Structure formats: C-alpha cells, structure tokens
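Participant: Residue 94 in my numbering sits at position 29 of the sequence shown; the count goes up by one each step and never skips.
Ideal placement from N, C-alpha and C gives every residue a C-beta, glycine not left out.
This one's a predicted model, so the numbers in the text were calculated from it and none came from an experiment.
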Amino acid sequence: MGAWCFVDHYGPAPVGVDGSGGMDVPPHPHTGLQTVSWLFDGEIEHRDSGGNHAMVRPGEVNLMTGGRGIAHSEVSTPATHVLHGVQLWVALPEEARQHERSFEHFAPQRAALPGEAGTAYVFLGALGNVAASPVKTHTPLLGAQLDLVPGAMLDLRLDPAYEHGVLLDIGALSVAGRDLAFGDLACFDAGRDSLTLAAGPAGARVVLLGGLPFEEEIVMWWNFVARTHDEIVEARDEWEASSDRFGDVPGYAGAVARIPAPPLPSGRLRSRNRSGRT
Numbered sequence: 066m067g068a069w070c071f072v073d074h075y076g077p078a079p080v081g082v083d084g085s086g087g088m089d090v091p092p093h094p095h096t097g098l099q100t101v102s103w104l105f106d107g108e109i110e111h112r113d114s115g116g117n118h119a120m121v122r123p124g125e126v127n128l129m130t131g132g133r134g135i136a137h138s139e140v141s142t143p144a145t146h147v148l149h150g151v152q153l154w155v156a157l158p159e160e161a162r163q164h165e166r167s168f169e170h171f172a173p174q175r176a177a178l179p180g181e182a183g184t185a186y187v188f189l190g191a192l193g194n195v196a197a198s199p200v201k202t203h204t205p206l207l208g209a210q211l212d213l214v215p216g217a218m219l220d221l222r223l224d225p226a227y228e229h230g231v232l233l234d235i236g237a238l239s240v241a242g243r244d245l246a247f248g249d250l251a252c253f254d255a256g257r258d259s260l261t262l263a264a265g266p267a268g269a270r271v272v273l274l275g276g277l278p279f280e281e282e283i284v285m286w287w288n289f290v291a292r293t294h295d296e297i298v299e300a301r302d303e304w305e306a307s308s309d310r311f312g313d314v315p316g317y318a319g320a321v322a323r324i325p326a327p328p329l330p331s332g333r334l335r336s337r338n339r340s341g342r343t
C-alpha cells in the first residue's frame, strides 16, 4: 500500500516476570527504509547508531530512517506484561534512500471519528478532517489506529489517489462487505474515495494504512531495501565487516553483540514492482 512494504503484526504475547516471552533483538542493520513502531500493549526500549535512545509505548510512534545505513536494538522493558503491536517498514524513494540516519518520536492525540463511531490515533499523514501527524515521510503516507465502538458503522472518507490497507487487530470487522479475521489485511487499489467499516458487537481495533502508489522497483532481502542484487551484497558485506556505514549501538547489553547476516541465496535476487511482479 503506497510505500508500505512490510507489516509485522505480533502478539498479544504474555511476558513472564523473568522476561521470558519478551523481546530482545540485538543490534541489526537497515538500509533504504524507514521503520515505524506502533504498540498496543507493552514497552520497548529503542537504541540506534544515530545516538537515539527512546521508549516505544502504546499510542506513541517511533519512526527511524535508515537511509544509507543504520543499526538498532529493540528490548522490551520489565514494565511489559503483554507484548502486542505492529512493526511497519516504508520503502524510501530514490531521492531519499541515501540520506543520513535519523529518528522521530510523536504522541498523537486521540481524535473523534465521524458519527460517534469511535476514536483514532493518526500517527502518519492525514485522515480527512479527523487529525494529521507532523512526522516527516518521503512519500505521501497514512497510518492510523482506529478504535471502533461496538456496532459502529463508519463511512470512512479516503484520498482516492491512495492505495489503502485495513489490518484487523482485535474484535470483529466487516470492510466493504467482507468479514475479516484476526490479523487479516484487506488491501484496496487507488480510486476509492470511501470505505465502509462495520464493527461487531464487541467493537474493533484496526490499523489503517495508505499511500500514493510507489512506482519504483525494489529488492527487499533480510533487513535491507535496495534496487539491485549487487546493492544487497554490498550492504551485507559491509555489515559483516562492521563498517562505519551502519555504526555502533551504544548502551545495548545482551548475550549477543549483534545479529549476523544470513547467507545469501545461490541465485541473484530480482527486483519487484508494487504488484509483486518481477
């Protein structure tokens, strides 16, 4: 959907008092993308090679721009009893994918949806006249959490230039007449100016994504977004060589200092377009 190229929906997962079941992701690299961290439950400590140290909490978005190269770690804190959220990636366009690494944090205000259908947290872009986010993206995007009240019927106004996706987290939901199950992602081509969301008797929590069609072809492998197989090989080699391209993550204390890159496939990686075709 637009430049959104990866959606990892995880949890709800209980976390033991000893931290078992929690998150401990040692330093690992990214290129050519932005990571968007959004939590429903729990707390995650973020550290990166740009010197940023921040917490990820429910209702607050952390956006990290990898650009040419960044490394970061993600560790759930002792305050976490349930871990539940989404990790999202945005492919950077050609003019931005070699930028310097950067980081933004934003806590959107809860905003009312039309017709008393519920509330929204708009963490990227703008959702009609509901709310807007000041966080910078390099292509037009939309990212929002919608909390629908029981039995809500919402005629959601959309930007027809955008592609859209609706991810059901909890509850029951019908989108444009189709029922979704937990974790389902309904995708819609550009051209729609509205979408009808109908919540079940217990309501629903939804992640709404959108963006202008991303026309560039990409190669996405492991934690890298690039344009060619050779660029992936170069990024992998530099990570394995502890290159300054990615830098160090100060303050991380774990059993493993960094995640090694997996072996490359035997063949050449091929680029694909927004329809998933090579």
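Compare the Cα-Cα distances from Val-140 to each of Asp-89, Phe-188, Glu-108 and Thr-100 and report the closest residue.
Facilitator: Here residue 140 refers to the residue found at position 75 of the sequence shown. Selected option, being the one with the closest Cα: Asp-89.
Participant: Could you tell me the alpha carbon to alpha carbon distance between Asp-224 and Ala-263, rounded to whole angstroms?
Facilitator: Here the question's residue 224 lines up with position 159 in the sequence shown. Here the question's residue 263 lines up with position 198 in the sequence shown. Distance between the alpha carbons of Asp-224 and Ala-263: 20 Å.
Participant: Which residues does DSSP pair with Asp-113 in a beta bridge?
Facilitator: Against the sequence shown, residue 113 aligns to sequence position 48. BP columns for Asp-113 point to His-137.
Participant: Write down the C-beta distance between Ala-217 and Gly-268 rounded to the nearest angstrom, noting that I regard them as a contact closer than 8 Å.
Facilitator: Within the sequence shown, residue 217 is the residue found at index 152, counting from 1. Within the sequence shown, residue 268 is the residue found at index 203, counting from 1. With 8 Å as the limit, Ala-217 and Gly-268 qualify as a contact, their Cβ atoms being about 7 Å apart.
Participant: For Val-126, I'd like the list of residues in its chain whose CB is within less than 6 Å of its CB, leaving aside the five on either flank, ordered along the chain.
Facilitator: As a working mapping, residue 126 is identified with position 61 in the sequence shown. The residues are Trp-103, Phe-171 and Phe-188.
Participant: Less than 8 Å between C-beta atoms, sequence neighbours within five positions excluded: which residues of the same chain meet that for Ala-191?
Facilitator: Taking the first residue of the sequence shown as 1, we reach residue 191 at position 126. Taken in chain order, the residues that qualify are Ala-197, Ser-198 and Leu-207.
Participant: Can you say whether Arg-243 is buried or exposed, counting buried as having 16 or more other CB atoms within 10 angstroms of its CB?
Facilitator: Here the question's residue 243 lines up with position 178 in the sequence shown. Exposed: under 16 other Cβ atoms inside 10 Å.
Participant: Select from Gly-316, Gly-150 and Ile-109 the residue whose C-alpha is nearest the C-alpha of Pro-143.
Facilitator: The residue you call residue 143 lines up with position 78 of the sequence shown. Measuring from the Cα of Pro-143, the nearest candidate turns out to be Ile-109.
Participant: Give the straight-line distance between the Cα atoms of Gly-87 and Glu-169, rounded to the nearest whole angstrom.
Facilitator: Looking up residue 87 in the sequence shown gives position 22. Looking up residue 169 in the sequence shown gives position 104. Spanning the two alpha carbons is a distance of roughly 24 Å.
Participant: Ala-119 to Pro-327, Cα distance in whole Å?
Facilitator: For the purposes of this step, residue 119 is taken as residue 54 along the sequence shown, with counting starting at 1. For the purposes of this step, residue 327 is taken as residue 262 along the sequence shown, with counting starting at 1. When rounded, the distance between both Cα atoms is 28 Å.
Participant: Taking 6 Å as the limit between beta carbons, can you name the residues of its chain near Arg-348, skipping five residues before and five after?
Facilitator: Nothing can be reported for residue 348: it is not among the residues displayed for the chain, which extend from 66 to 343.
Participant: Got a sec? Which residues, its chain only, sit under 8 Å from Val-284 by beta carbon, not counting five neighbours each side?
Facilitator: The residue given as residue 284 occupies position 219 in the sequence shown. Val-290, Ala-291, Arg-292, Thr-293, His-294, Glu-296, Ile-297, Leu-334, Arg-335, Ser-336 and Arg-337.
Participant: Can you find the residues in the same chain that come closer than 8 Å, C-beta to C-beta, to Ala-322, ignoring five residues on each side of it along the sequence?
Facilitator: If you number the sequence shown from 1, residue 322 lands on position 257. Cβ neighbours of Ala-322 beyond the five flanking positions: Pro-91 and Pro-92.
Participant: According to DSSP, is Val-72 helix, strand or coil?
Facilitator: Reading the sequence shown from its first residue, position 7 is the one you call residue 72. Correct three-state label for Val-72: strand.
Participant: Cα-Cα, which of Val-101, Gly-107, Ala-136 and His-74 is closest to Gly-312?
Facilitator: Locating residue 312 in the sequence shown gives position 247, where the first residue counts as 1. Nearest C-alpha to Gly-312: Ala-136.
Participant: Any idea which residues DSSP pairs Glu-228 with across the strands?
Facilitator: Counting from 1 along the sequence shown, the entry for residue 228 is found at position 163. Answer is Gly-276.
Participant: With a threshold of 6 Å on Cβ separation, who are the neighbours of Val-195 within its own chain once the five nearest residues in sequence on each side are excluded?
Facilitator: Taking the sequence shown and counting its residues from 1, one reaches residue 195 at position 130. For Val-195, where only same-chain residues beyond five positions count, the Cβ hits under 6 Å are Ala-176 and Ala-185.
Participant: Identify the continuous beta strand (DSSP E) that holds Val-101 and give its terminal residues.
Facilitator: Here residue 101 refers to the residue found at position 36 when the sequence shown is read from its first residue. 98 to 106 is the span of the beta strand (DSSP E), which, as asked, contains Val-101.
Participant: When the Cα of Gly-332 is compared with those of Val-200, Trp-286 and Ala-320, which residue comes out closest?
Facilitator: Translated into the one-based positions of the sequence shown, residue 332 becomes position 267. Cα-wise, what sits closest to Gly-332 is Trp-286.
Participant: If you measure between the beta carbons of Ala-209 and Ala-68, is that distance less than 8 Å?
Facilitator: Counting from 1 along the sequence shown, the entry for residue 209 is found at position 144. Counting from 1 along the sequence shown, the entry for residue 68 is found at position 3. Taking 8 Å as the Cβ cut-off, Ala-209 and Ala-68 do not qualify as a contacting pair.
Participant: When we look at the beta-carbon of Pro-77 and count the other beta-carbons within 10 Å, is it buried (16 or more) or exposed?
Facilitator: Taking the sequence shown and counting its residues from 1, one reaches residue 77 at position 12. Exposed.
Participant: For the alpha helix (DSSP H) that His-294 lies in, which residues bound it at each end?
Facilitator: The count along the sequence shown starts at 1 and reaches residue 294 at position 229. First-last of the alpha helix (DSSP H) with His-294: 294 to 305.
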